[in-house]
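**Q** Using this note's numbering, read the sequence shown as starting at 45 and increasing by one per residue. Can you keep this structure in mind? I'll have questions shortly.
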Amino acid sequence: MENRNQGRRLKWLILLIPTLTIGLWEYVRHAFLLPYLSMDLGNFLAPFIVLAVTLTVVRSLFSRLEQSQRELQREKGANAALEERERLARELHDGISQSLFLLAVKLDQLDELKVEGPVKSLADGLRETVRVMHEDVRQAIANLRQPPSPAAAAWVVPLRELLGETAGITEARADFNWSIPDGSLSDKEKVELHACVREALMNVRKHAKATQVFVIGEKDDFGGFRCAVEDDGIGFACDPLDAPGRFGLRMVRDRAKGIGWAFLAERRGNRTVVELSKRGGGAQ
């Protein structure tokens, strides 16, 4: 609202200043300069005076107006994004979350039948899957309703918290090493990087059985960066991008591709590495 009001004021000033300039010039000319300045010369100077005021005062006002319009557009975009996140959070809560709850109730009813053997084993596996999925959905809802702030370096804090949560659940040792300059990333890149690291950590939480988890973010000498999630878990039994039911890394790959980053998922020694990298403008 403040940006909108400021924009209106600037528009009125831009419209009024040339008129006021001519009015003031005519008053000064007739009141003080008429004995020294002929009518023809005064008329000749008038447009140059208006031009001088336009190039100084009005041009500065135009610059401020453009800045105000950019801030207003950013504000509208942020509000639209928050509304969309809230809508998605409601849909997750009212749809998937409720369905998972009902599925858990059905599994509890199956337990009451006192079944044994393969059926009980299958039910226990399904219950664990439902529990993990329900945790993921709840975390997604929380993230949607409280999105990480892209302002300043505060946006890095949720990444550290995600690593801590993963380490707490898996009882692994966590190491967070981050040196990517905040100013080297756009707001969109921060959001995408946060989503990719989160998905990679969720993959570690669900499948890796790791004792050590690392998040590494480092700049290169050309304005780019490398960001990696590494763990000492069991690794990949096959190509993780082709494994059935394993969508997390494919989502990370697609996000990276969409924003122009390189993506890599591989085993290096005793570590599984999921890596994103951005090529700097000065790189050969």
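Positions of the beta carbon are idealized from the N, C-alpha and C atoms, including for glycine.
Are the CB atoms of F220 and V259 nearer to each other than 8 angstroms?
**A** Here the question's residue 220 lines up with position 176 in the sequence shown. Here the question's residue 259 lines up with position 215 in the sequence shown. Result yes, Cβ atoms of F220 and V259 sit closer than 8 angstroms.
**Q** Roughly how many angstroms lie between the CA atoms of L57 and L78, to the nearest whole one?
**A** For the purposes of this step, residue 57 is taken as residue 13 along the sequence shown, with counting starting at 1. For the purposes of this step, residue 78 is taken as residue 34 along the sequence shown, with counting starting at 1. Cα to Cα, L57 sits roughly 29 angstroms from L78.
**Q** Reducing DSSP to helix, strand and coil, say where E160 ends up.
**A** The residue given as residue 160 occupies position 116 in the sequence shown. Coil at E160, not helix or strand.
**Q** With a threshold of 16 other CB atoms inside 10 Å of the CB of W305, please say whether the residue is buried or exposed.
**A** For the purposes of this step, residue 305 is taken as residue 261 along the sequence shown, with counting starting at 1. Classification for W305: buried.
**Q** Taking 8 angstroms as the threshold (C-beta atoms), are V235 and V273 in contact?
**A** Mapped onto the sequence shown, residue 273 falls at position 229. Mapped onto the sequence shown, residue 235 falls at position 191. No, they are not a contact pair.
**Q** Can you give the Cα-Cα distance for Q50 and T210, rounded to whole angstroms?
**A** As a first step, residue 50 is located in the sequence shown; it is residue number 6 there, counting from the start. As a first step, residue 210 is located in the sequence shown; it is residue number 166 there, counting from the start. Whole-angstrom Cα-Cα distance: 46 angstroms.
**Q** Hey, how far is the Cα of S230 from the Cα of D276?
**A** In the sequence shown, residue 230 corresponds to position 186, counting from 1. In the sequence shown, residue 276 corresponds to position 232, counting from 1. Whole-angstrom Cα-Cα distance: 31 angstroms.
**Q** Please look up how many angstroms separate the CB atoms of G324 and F280, rounded, as I've assumed it's under 8 angstroms.
**A** For the purposes of this step, residue 324 is taken as residue 280 along the sequence shown, with counting starting at 1. For the purposes of this step, residue 280 is taken as residue 236 along the sequence shown, with counting starting at 1. About 29 angstroms separates the two Cβ atoms, so there is no contact after all.
**Q** A309 by DSSP, collapsed to three states: which one?
**A** Residue mapping note: residue 309 aligns to position 265 of the sequence shown, counting from 1. Residue state, collapsed to three classes: strand.
**Q** At the level of alpha carbons, what is the spacing between D298 and V248?
**A** Along the sequence shown, read from residue 1 onward, the residue named residue 298 stands at position 254. Along the sequence shown, read from residue 1 onward, the residue named residue 248 stands at position 204. Distance between the alpha carbons of D298 and V248: 19 angstroms.
**Q** Are the Cβ atoms of V257 and L293 separated by less than 8 angstroms?
**A** On the sequence shown, residue 257 is found 213 positions in, with the first residue counted as 1. On the sequence shown, residue 293 is found 249 positions in, with the first residue counted as 1. No. Outside cutoff.
**Q** Please confirm if the region 97-110 is in contact with the region 53-68, defined as three or more CB-CB distances below 8 angstroms between the two stretches.
**A** Output reads yes: the region 53-68 touches the region 97-110.
**Q** Mind pulling the alpha helix (DSSP H) runs of 4 or more residues that sit fully within the region 258-287?
**A** Those alpha helix (DSSP H) runs which fall completely within the region 258-287 and span 4+ residues do not exist here.
**Q** In chain order, what residues of the same chain have a beta carbon less than 6 angstroms from the beta carbon of E356, not counting five sequence neighbours either side?
**A** Look at the range of the chain in this structure, 45 to 328, and you will see that residue 356 is not part of it.
**Q** K322 bridges to which residues according to DSSP?
**A** Position 278 of the sequence shown, counted from the start, is the residue given in the question as residue 322. Paired residue(s): F269.
**Q** Between which two residues does the beta strand (DSSP E) harbouring D219 extend?
**A** Along the sequence shown, read from residue 1 onward, the residue named residue 219 stands at position 175. Run containing D219: 217-222, per the beta strand (DSSP E) assignment.
**Q** What do you get for M246, buried or exposed, if any count of 16 or more other CB atoms within 10 angstroms of its CB means buried?
**A** Position 202 of the sequence shown holds residue 246. By the 10 Å Cβ count, M246 comes out buried.
**Q** Do you know offhand how far R134's Cα is from T100's?
**A** The count along the sequence shown starts at 1 and reaches residue 134 at position 90. The count along the sequence shown starts at 1 and reaches residue 100 at position 56. Computed Cα separation, rounded: 51 angstroms.
**Q** Beta-carbon within less than 7 angstroms of I140's beta-carbon, same chain only, minus the 5 sequence neighbours each way: which residues are those?
**A** Position 96 of the sequence shown holds residue 140. Hits under 7 angstroms: V181.
**Q** Is it true that the CB of T316 sits closer than 8 angstroms to the CB of A252?
**A** Numbered from its first residue, the sequence shown carries residue 252 at position 208. Numbered from its first residue, the sequence shown carries residue 316 at position 272. Cβ atoms of A252 and T316: closer than 8 angstroms.
**Q** In whole angstroms, what separates the C-alpha of K164 from that of S143?
**A** Mapped onto the sequence shown, residue 164 falls at position 120. Mapped onto the sequence shown, residue 143 falls at position 99. When rounded, the distance between both Cα atoms is 21 angstroms.
**Q** State the DSSP-derived secondary structure class of T255, mapped to helix, strand or coil.
**A** The residue labelled residue 255 in the question sits at position 211 within the sequence shown. In the structure shown, T255 sits in coil (DSSP, three-state: anything other than H, G, I, E or B).
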